[in-house]
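Read the structure below first, then the notes.
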Amino acid sequence: MALHLIKLCVGAESVEDLREWVSRKALAAVAAGQEPHSFHTTRMVPKRTEDLLAGGSLYWVIKGYVQARQPLIGVETFTDNEGIGRCNLILGPQVVETELQPRRAFQGWRYLEQKETPRDLASLSSDSGEMPLELRRELAELGLL
Numbered sequence: 193m194a195l196h197l198i199k200l201c202v203g204a205e206s207v208e209d210l211r212e213w214v215s216r217k218a219l220a221a222v223a224a225g226q227e228p229h230s231f232h233t234t235r236m237v238p239k240r241t242e243d244l245l246a247g248g249s250l251y252w253v254i255k256g257y258v259q260a261r262q263p264l265i266g267v268e269t270f271t272d273n274e275g276i277g278r279c280n281l282i283l284g285p286q287v288v289e290t291e292l293q294p295r296r297a298f299q300g301w302r303y304l305e306q307k308e309t310p311r312d313l314a315s316l317s318s319d320s321g322e323m324p325l326e327l328r329r330e331l332a333e334l335g336l337l
């Protein structure tokens, strides 16, 4: 079973903001002759990399809710200019919207077991993906979505 990561998407106001950021990173990578992947740099290196790369994703918390995920396709460690060890989480170019799941703020990233992940919006049988975000938030807070 795949293992996932969860992380706050600092600076993003919406899933659209995240998509725009991913698009800019992909275009810059293609212009540099690289694959159109985005990455997130973090100081801590996941120890369970093999489990993460067996189908895992990075789930993004935006404005207090898990709202989207990106597939994890690689983990690269490096040392920065100041001699500090860092890690790039290499992410696939697609941003998949998920059902809203409330999350309190936290620092860094956390492991997320498969059983704790929100479902992809596309996999839900209802029309909840077509609802306005604010209505989905209210329904999720009431436990109705």
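First residue of the sequence shown? That's 193 in my numbering, and the numbers climb one at a time after it. Beta carbons are placed, not taken as given, at the ideal position from N, Cα and C, and that holds for glycine.
TODO: Can you give me the Cβ contacts of Phe-231 inside the same chain, cut-off strictly under 7 angstroms, excluding the 5 residues immediately before and after it?
DONE: Within the sequence shown, numbered from 1, the residue matching residue 231 stands at position 39. The answer, listed in chain order, is Asn-280, Leu-281, Ile-282, Leu-283.
Task: Residues bridged to Phe-270 (per DSSP) - done: Looking up residue 270 in the sequence shown gives position 78. Answer is Arg-278.
Task: Secondary structure of Gln-293, DSSP reduced to three states - done: Here residue 293 refers to the residue found at position 101 when the sequence shown is read from its first residue. Reduced to three states, the DSSP call for Gln-293 is strand.
TODO: Would you kindly work out how many angstroms separate the C-alpha atoms of Glu-242 and Arg-302, rounded to a whole number?
DONE: Indexing the sequence shown from 1 puts residue 242 at position 50. Indexing the sequence shown from 1 puts residue 302 at position 110. When rounded, the distance between both Cα atoms is 16 angstroms.
TODO: Determine contact between the segment 256-264 and the segment 220-227, defined as no fewer than three beta-carbon pairs at a distance below 8 angstroms.
DONE: no
Task: Opposing strand residues paired with Pro-263 [DSSP bridges] - done: As a first step, residue 263 is located in the sequence shown; it is residue number 71 there, counting from the start. DSSP lists Ser-249 as partners of Pro-263.
Task: Bounding residues of the beta strand (DSSP E) (the contiguous stretch that carries Ser-230) - done: Translated into the one-based positions of the sequence shown, residue 230 becomes position 38. Where Ser-230 is concerned, the enclosing beta strand (DSSP E) stretches over 230-234.
Task: Reduced DSSP secondary structure (H/G/I, E/B, other) of Glu-205 - done: One-based indexing of the sequence shown puts residue 205 at position 13. Coil at Glu-205, not helix or strand.
- [ ] Return helix, strand or coil for Glu-212, following the three-state DSSP convention.
- [x] Mapped onto the sequence shown, residue 212 falls at position 20. Note: Glu-212 maps to helix in three-state DSSP.
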